[in-house]
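Colleague: The structure that follows is given in the form of structure tokens.
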Amino acid sequence: MKIAYVTDSGCGSSIDEMAKDHIFSLPLQIAIDNENYFDIEQVSVGDVIKALKEDRNLASSLPSLGLIDDLFDKLKNEGFERVIAVPICSGLSGTMNALYMSADQHGLPITCIDTHVTALVQRYLIQYLKKAISEDGIDEKEAFAKAERVIDSADTLLVPAGLKHLTKSGRLTTTAARIGDFFGIKPILKINKETQGKIDVIDKVRTFKRATEKALDIMASEIKNNNYVIYIAHVDAYGEAEIFKDKVMKRLGENEIHIIPLCSPVALHTGLGCLAIQYFEKIS
Numbered sequence: 012m013k014i015a016y017v018t019d020s021g022c023g024s025s026i027d028e029m030a031k032d033h034i035f036s037l038p039l040q041i042a043i044d045n046e047n048y049f050d051i052e053q054v055s056v057g058d059v060i061k062a063l064k065e066d067r068n069l070a071s072s073l074p075s076l077g078l079i080d081d082l083f084d085k086l087k088n089e090g091f092e093r094v095i096a097v098p099i100c101s102g103l104s105g106t107m108n109a110l111y112m113s114a115d116q117h118g119l120p121i122t123c124i125d126t127h128v129t130a131l132v133q134r135y136l137i138q139y140l141k142k143a144i145s146e147d148g149i150d151e152k153e154a155f156a157k158a159e160r161v162i163d164s165a166d167t168l169l170v171p172a173g174l175k176h177l178t179k180s181g182r183l184t185t186t187a188a189r190i191g192d193f194f195g196i197k198p199i200l201k202i203n204k205e206t207q208g209k210i211d212v213i214d215k216v217r218t219f220k221r222a223t224e225k226a227l228d229i230m231a232s233e234i235k236n237n238n239y240v241i242y243i244a245h246v247d248a249y250g251e252a253e254i255f256k257d258k259v260m261k262r263l264g265e266n267e268i269h270i271i272p273l274c275s276p277v278a279l280h281t282g283l284g285c286l287a288i289q290y291f292e293k294i295s
């Protein structure tokens, strides 16, 4: 059976980058002052950071429905018989529902994997499923079970430097944000299977430093072995990311650790200075 593998730019990679692995990708949309652009293809992380610094209005949305339909037209015409997709999670976007609708209209069976997060977990799993099922011949049921164990192990912790953009995106009320900023309260947020892919507040502390220390304590309690990969993503805060990485190295240094820019669809909601820590257990 000819299977197409589909993801979106929430994975942090461009259409061309994913195409190298024979994976189809759709760009999420980034709106700057109400004008839509294709994530990565037309607007970069640097562009989003510049817009944040200029205090411009930012929003994100699912890929263009026209592009989704065009992709499924292409898949149908090229003889694909089935689709396996790992899009941005359903708790953050309507992308998954749009994929189901278009696949149904085109008569293409589809399986969507909800990671309950986005970013590197998303990219890791679509690449794994493509290799395991279509290259290594692993049974789908077994491959999906292994993917689910990765999802069970995954967590994303967000430590924003301020509350303004979380308020704009509707994650916090205006009153809560004003009180938080007045008292210097820093929330620690998480996105995982437990929160069903929605941003949830798990703790509140008085300073950014204490927030990162608390985040590290949470990580240490959840990371059970040395087979994890840890990504420290930042929004124009490389120095803070380096400081945090040094602390992670001291406690969890046997694991694979990377510093990366935070992807635009998340960064525009969290704002400048945010650290986002994503970690998951690799498939062995």
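When we follow the working numbering, the leftmost residue of the sequence shown carries the number 12, and every step to the right adds one.
For every residue, glycine included, the Cβ atom is placed at its ideal position computed from N, Cα and C.
The model shown is predicted, which means the values in this text are computed figures rather than measured ones.
Between the beta-carbon of V94 and the beta-carbon of V17, is there less than 8 Å?
Modeller: Sequence index remark: in the sequence shown, residue 94 carries index 83 (1-based). Sequence index remark: in the sequence shown, residue 17 carries index 6 (1-based). Result yes, Cβ atoms of V94 and V17 sit closer than 8 Å.
Colleague: Can you list, in chain order, the residues of its chain with a C-beta nearer than 8 Å to that of S25? Leave out the 5 residues immediately preceding and following it.
Modeller: As a position in the sequence shown, residue 25 is number 14, starting the count at 1. So the qualifying residues of the chain are S36, I51 and E52.
Colleague: Assign P272 to one of three DSSP states: helix, strand, or coil.
Modeller: Numbered from its first residue, the sequence shown carries residue 272 at position 261. If DSSP states are grouped into helix, strand and coil, P272 belongs with the strands.
Colleague: Starting from K359, trace the alpha helix (DSSP H) in both directions and tell me its first and last residue.
Modeller: Outside the displayed range of the chain (12 to 295) lies residue 359, so it cannot be described from this structure.
Colleague: I'd like the span of the alpha helix (DSSP H) that includes T106, first residue to last.
Modeller: Position 95 of the sequence shown, counted from the first residue, corresponds to residue 106. Element bounds for T106: T106 to Q116.
Colleague: Give, in chain order, every unbroken run of the beta strand (DSSP E) that is at least 3 residues long and sits entirely within the stretch 119 to 168.
Modeller: 121 to 123
Colleague: Counting Cβ pairs, one atom from each stretch, are 3 or more of them under 8 Å apart for the stretch 162 to 176 and the stretch 199 to 207?
Modeller: yes
Colleague: Give, in chain order, every unbroken run of the beta strand (DSSP E) that is at least 3 residues long and sits entirely within the stretch 22 to 86.
Modeller: 35 to 37, 40 to 43, 46 to 49 and 69 to 72
Colleague: Alpha carbon to alpha carbon, how far is Q40 from A278? Give it in angstroms, no decimals.
Modeller: The sequence position of residue 278 within the sequence shown is 267, counting from 1. The sequence position of residue 40 within the sequence shown is 29, counting from 1. One C-alpha to the other measures close to 13 Å.
Colleague: Rounded to a whole number of angstroms, what is the C-alpha to C-alpha distance between G21 and P171?
Modeller: For this step, residue 21 is matched to residue 10 along the sequence shown. For this step, residue 171 is matched to residue 160 along the sequence shown. Spanning the two alpha carbons is a distance of roughly 19 Å.
Colleague: From D214, M12, I34 and M107, pick the residue whose C-alpha is nearest to that of G90; which is it?
Modeller: For the purposes of this step, residue 90 is taken as the residue at position 79 of the sequence shown. Residue M12 is the option with its Cα nearest to G90.
Colleague: Buried or exposed for P120, please, with buried defined as at least 16 other CB atoms from any protein chain shown within 10 angstroms of its CB.
Modeller: Stepping through the sequence shown from its first residue, residue 120 is reached at position 109. With fewer than 16 Cβ atoms within 10 Å of its Cβ, P120 is classed as exposed.
Colleague: Span of the beta strand (DSSP E) holding R217?
Modeller: For the purposes of this step, residue 217 is identified with residue 206 of the sequence shown, where counting begins at 1. Looking at the DSSP string, R217 is not in any beta strand (DSSP E), and its letter there is neither H nor E.
Colleague: With DSSP as the reference, label L200 as helix, strand or coil.
Modeller: Residue numbering aside, residue 200 sits at position 189 when the sequence shown is read from its first letter. It is a strand residue.
Colleague: So V240 and K197 are supposed to be a Cβ contact under 8 Å. How far apart are they, rounded?
Modeller: The count along the sequence shown starts at 1 and reaches residue 240 at position 229. The count along the sequence shown starts at 1 and reaches residue 197 at position 186. Incorrect: roughly 26 Å between the Cβ atoms, too far for contact.
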